[in-house]
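Using the working numbering, read the sequence shown as starting at 119 and increasing by one per residue. For glycine and all other residues, C-beta sits at the position ideal for the given N, C-alpha and C. Source: prediction; values computed, not measured. Please read the structure below before turning to the comments.
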Amino acid sequence: MAALPLMGHQPASLTSLRAAPTPLSSRFEALAEMLQTNGNSYICYQTYSNITLILIPDPVLEGIIAEPRSQFATSTDVDHPGGPITRNLAQGSSTHQIAQLIHEVPTIFPAPQIALGQHAPTNHVKLANNRCEIGAQIVPHFTHPTVTEYQRNSLQQSINGFGLPGWKLPSSDSLTRFLAGYFTGFYSYAPFTHAPTFRFDACSPELLLAMLAIGAANRFEYNSAINMFYVSKAILLERQHQRERGMLERLMNHRASNDFVERDYMDEVRCLLCLMSIATWDKDLNLRNESLVLRGQLAHALRLSGLEEQMEVRDIHWETWARLESERRAKLLAFCFLNVQSIAYNLSPVIWSHEIKLRLPCSCPEWTAPDSATWALLRQNTPITKSHFYPALKDLLSPSPCDINELNPTPVANYTLLHGLIQTIMWVQIFPKDLGADPTSDSRVLFRNALRKWTIYWQRTPESNLEPFDPNGPLPFMSSAWLSFAYIRNCSQFSNCQSREIFSWNVASIARALRASPSANHEWDELLAAHHATHFMGILVRLGIQYIKHNRASLWSIEAALCGLECSVFLDKWLRAFYTSTDPKSLTDHEHMLLEWARDIVRDGFISINGVDPDISSGRPEDLVNCTVEVWCHIMQGDSPWPFIGMLGDAVVQYKTIARQGLDKT
Numbered sequence: 119m120a121a122l123p124l125m126g127h128q129p130a131s132l133t134s135l136r137a138a139p140t141p142l143s144s145r146f147e148a149l150a151e152m153l154q155t156n157g158n159s160y161i162c163y164q165t166y167s168n169i170t171l172i173l174i175p176d177p178v179l180e181g182i183i184a185e186p187r188s189q190f191a192t193s194t195d196v197d198h199p200g201g202p203i204t205r206n207l208a209q210g211s212s213t214h215q216i217a218q219l220i221h222e223v224p225t226i227f228p229a230p231q232i233a234l235g236q237h238a239p240t241n242h243v244k245l246a247n248n249r250c251e252i253g254a255q256i257v258p259h260f261t262h263p264t265v266t267e268y269q270r271n272s273l274q275q276s277i278n279g280f281g282l283p284g285w286k287l288p289s290s291d292s293l294t295r296f297l298a299g300y301f302t303g304f305y306s307y308a309p310f311t312h313a314p315t316f317r318f319d320a321c322s323p324e325l326l327l328a329m330l331a332i333g334a335a336n337r338f339e340y341n342s343a344i345n346m347f348y349v350s351k352a353i354l355l356e357r358q359h360q361r362e363r364g365m366l367e368r369l370m371n372h373r374a375s376n377d378f379v380e381r382d383y384m385d386e387v388r389c390l391l392c393l394m395s396i397a398t399w400d401k402d403l404n405l406r407n408e409s410l411v412l413r414g415q416l417a418h419a420l421r422l423s424g425l426e427e428q429m430e431v432r433d434i435h436w437e438t439w440a441r442l443e444s445e446r447r448a449k450l451l452a453f454c455f456l457n458v459q460s461i462a463y464n465l466s467p468v469i470w471s472h473e474i475k476l477r478l479p480c481s482c483p484e485w486t487a488p489d490s491a492t493w494a495l496l497r498q499n500t501p502i503t504k505s506h507f508y509p510a511l512k513d514l515l516s517p518s519p520c521d522i523n524e525l526n527p528t529p530v531a532n533y534t535l536l537h538g539l540i541q542t543i544m545w546v547q548i549f550p551k552d553l554g555a556d557p558t559s560d561s562r563v564l565f566r567n568a569l570r571k572w573t574i575y576w577q578r579t580p581e582s583n584l585e586p587f588d589p590n591g592p593l594p595f596m597s598s599a600w601l602s603f604a605y606i607r608n609c610s611q612f613s614n615c616q617s618r619e620i621f622s623w624n625v626a627s628i629a630r631a632l633r634a635s636p637s638a639n640h641e642w643d644e645l646l647a648a649h650h651a652t653h654f655m656g657i658l659v660r661l662g663i664q665y666i667k668h669n670r671a672s673l674w675s676i677e678a679a680l681c682g683l684e685c686s687v688f689l690d691k692w693l694r695a696f697y698t699s700t701d702p703k704s705l706t707d708h709e710h711m712l713l714e715w716a717r718d719i720v721r722d723g724f725i726s727i728n729g730v731d732p733d734i735s736s737g738r739p740e741d742l743v744n745c746t747v748e749v750w751c752h753i754m755q756g757d758s759p760w761p762f763i764g765m766l767g768d769a770v771v772q773y774k775t776i777a778r779q780g781l782d783k784t
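Quick look at the structure:
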């Protein structure tokens, strides 16, 4: 083992529109040069107080990435008003720095720059030398629409036309609040509604009610949410019956039925996605059962709407482009939601990744452009997205090197591709034909390589960082949590999709199922999974456990809770394996470093919880095991608008009790 302090490098100037990196980033650039020169793969653990480089050659993965330096992106300094904007929690401080893997699993750090140039107003777009230059990344700003009394009355009349004359909408002020809840809550994790062109009057009543319902849920107004959920669902079913009757009439009259175009299904897709986002995570068993029915309807509507598309047409109006991009995002994010539901409730997929032949979503600046003029200028300097979802997924899964310069990574594209990888990892051994894959004994290595490639895509994305409150949305942060989940499921004993009994909503049953899940081994894949689980815990501790607990509605999504459940149980089992092993072995250097890093995080977590520095010395490994799961219990508990999140938190607490009893008996 060799140690290398990463100190003494001055920030280098960058050309073009990039800003000068911080000293920390330039140190990682220097480290990247050293790694590239040496020609081996490494793990670099950066503890809370120092940085140590551990040399571990990994010949299996050498040459996977055609551009090894690309994984180290620069950051920018937010303290200088004349400089570019970066929101980067991953950098931490001089005394609390994040741990880092640099080899086939480059940890999501350091965060790439968000700004494309020097700081400027959000609408700073200028022409120079007949080309578009962007002075800064467009930071999304959207004034939530106000629902007027006239709009409320119009919506009420539309609802009455579906045979629901006795049902009354909430006040216009309440509807405005619910719509704001949709855009500040649900939209952040499923950005398929194009905010700049959104028009309340242009939406179907069932879609508006579904959006308002999920917005009300995000504002903790459960009764209003459920009432609007059922009305939206009733109107949607009536629409489906009307469509079926119309098709039957056309067949009986021997008329062609091709006048019902694909995009007419898109409101149905959007509506079903919103309705499922309410029903799937509700404590009411009837609603959860309804979500399973809606699941099949959503898959059917997705296929009818079309899961293939050709190359993008360059000469297109802004409104038309926004509609097509919104439809594309809705389909991709619906696939991701169905995948999350499969993971949570151990359900077989209803949409397979190989079915999706859609283009990957556009860049954030294009999506958030506030008007057609800004969008047109941005588009002049933006290459047409050539990548489609499934070919990009196949490139990730290919053992051959890939040219990452061919992909224009975006947060939504990264998020959807990662869900495609997770689906493949979880189900390839059971449904290889449905995934269009050929499972082999080396599949874990193949998936490990794919996750490494994906991580580098993430790092090349301008908006990527670990800040949940970033104006561009929390998807990069959420993707980092799913990356930890993917590494855990890539471990052989955790890839068999064993049920966690979550659908039962019985905390004791869930805890017992978690306790009965396989123990962790001290193999290479388990080490990588433990690293990423620890990394995710470190991110949350750095944010502040008490802060997360009291801001759970904004910080802690359902997907984060699912990943937290997986990470907490796996990390507990991985740490427990050191203590309960009948044939203890000496720790390797990188295992020792990871354990020390976990101790630092747990100490910091306990100080955040109760101001006490726990005694978790290396002489008593069981103390680290107990304290780690205790930290996770505090992370997972707190007030949330979604009962599902609270239920998972209770399950972790129950698991801690059962696991500690087992530890005390050893």
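Report the residue from the options whose alpha carbon sits nearest the alpha carbon of residue i.
| i | options | result |
| --- | --- | --- |
| residue 432 | 410, 493, 452 and 779 | 493 |
| residue 584 | 417, 599 and 419 | 599 |
| residue 419 | 594, 765, 618 and 449 | 449 |
| residue 440 | 453, 488 and 629 | 488 |
| residue 581 | 482, 747 and 408 | 482 |
| residue 657 | 268, 749, 688 and 447 | 749 |
| residue 544 | 281, 496, 406 and 466 | 466 |
| residue 445 | 485, 460 and 462 | 485 |
| residue 747 | 778, 270 and 757 | 778 |
Can you tell me whether residue i is helix, strand or coil according to DSSP?
| i | result |
| --- | --- |
| residue 277 | helix |
| residue 774 | helix |
| residue 426 | strand |
| residue 477 | strand |
| residue 752 | helix |
| residue 62 | Because the chain in this structure spans residues 119 to 784, residue 62 falls outside the shown range and cannot be described. |
| residue 435 | coil |
| residue 529 | helix |
| residue 761 | helix |
| residue 401 | coil |
| residue 286 | coil |
| residue 705 | coil |
| residue 419 | helix |
| residue 339 | coil |
| residue 469 | coil |
| residue 643 | helix |
So, at 8 Å on beta carbons, what are the nonlocal neighbours of residue i in its own chain, with the 5 sequence-adjacent residues on each side left out?
| i | result |
| --- | --- |
| residue 263 | 294, 297, 316 and 318 |
| residue 321 | 329 and 385 |
I'd like the list of long-range same chain contacts for residue i, defined as Cβ closer than 7 Å, with 5 residues on each side in sequence excluded.
| i | result |
| --- | --- |
| residue 510 | 478, 525 and 535 |
| residue 725 | 731 |
| residue 266 | 290 |
| residue 393 | 328, 347, 350, 351 and 412 |
| residue 638 | 644, 688, 691, 692 and 695 |
| residue 471 | 508, 511, 538, 541, 542 and 553 |
| residue 568 | 514, 515 and 539 |
| residue 285 | 277 and 349 |
With a threshold of 6 Å on Cβ separation, who are the neighbours of residue i within its own chain once the five nearest residues in sequence on each side are excluded?
| i | result |
| --- | --- |
| residue 239 | Confidence at residue 239 is low in this model, with a pLDDT of 35, below 50, so the placement of that residue is unreliable and no value is reported for it. |
| residue 211 | Residue confidence is low: residue 211 scores 35 on pLDDT, short of 50, so the model does not pin down where it sits. Its coordinate-derived value is still stated next. Excluding sequence neighbours, residue 211 sits near nothing in its chain. |
| residue 759 | 335, 336, 338 and 671 |
| residue 679 | 763 and 766 |
| residue 117 | There is simply no residue 117 to check, as the chain begins at 119 and stops at 784 in what is shown. |
| residue 301 | 262 |
| residue 473 | 425 |
| residue 727 | 663 and 752 |
| residue 595 | 584 and 586 |
For the ligand HEM, any of its heavy atoms closer than 7 Å to the Cβ of residue i?
| i | result |
| --- | --- |
| residue 759 | No copy of the ligand HEM occurs in the structure displayed, which carries no ligand at all. |
Run through the stretch 290 to 334 for me and flag every whole alpha helix (DSSP H) of 4 or more residues, listed as ranges in chain order. Taken in chain order, the complete alpha helix (DSSP H) segments of 4 or more residues contained in the stretch 290 to 334 are 290 to 299.
Inspect the CB distances between the stretch 715 to 730 and the stretch 624 to 635 and report whether three or more fall short of 8 Å. The stretch 715 to 730 vs the stretch 624 to 635: no contact.
Contact between the stretch 306 to 314 and the stretch 355 to 368 is defined here as three or more beta-carbon pairs at a separation below 8 Å; is this criterion met? Contact between the stretch 306 to 314 and the stretch 355 to 368 is absent, because fewer than three Cβ pairs lie under 8 Å.
Contact between the stretch 386 to 398 and the stretch 409 to 428: three or more CB pairs below 8 Å? In the pairwise beta carbon analysis, the stretch 386 to 398 is classified as touching the stretch 409 to 428: at least three pairs are separated by under 8 Å.
Run through the stretch 570 to 639 for me and flag every whole alpha helix (DSSP H) of 4 or more residues, listed as ranges in chain order. Every alpha helix (DSSP H) stretch that sits fully inside the stretch 570 to 639 and reaches 4 residues is listed by chain position as 593 to 607 and 625 to 634.
For the stretch 744 to 756 against the stretch 649 to 668, are there 3 or more C-beta pairs whose distance is under 8 Å? The stretch 744 to 756, when compared against the stretch 649 to 668, does touch it at the 8 Å Cβ threshold.
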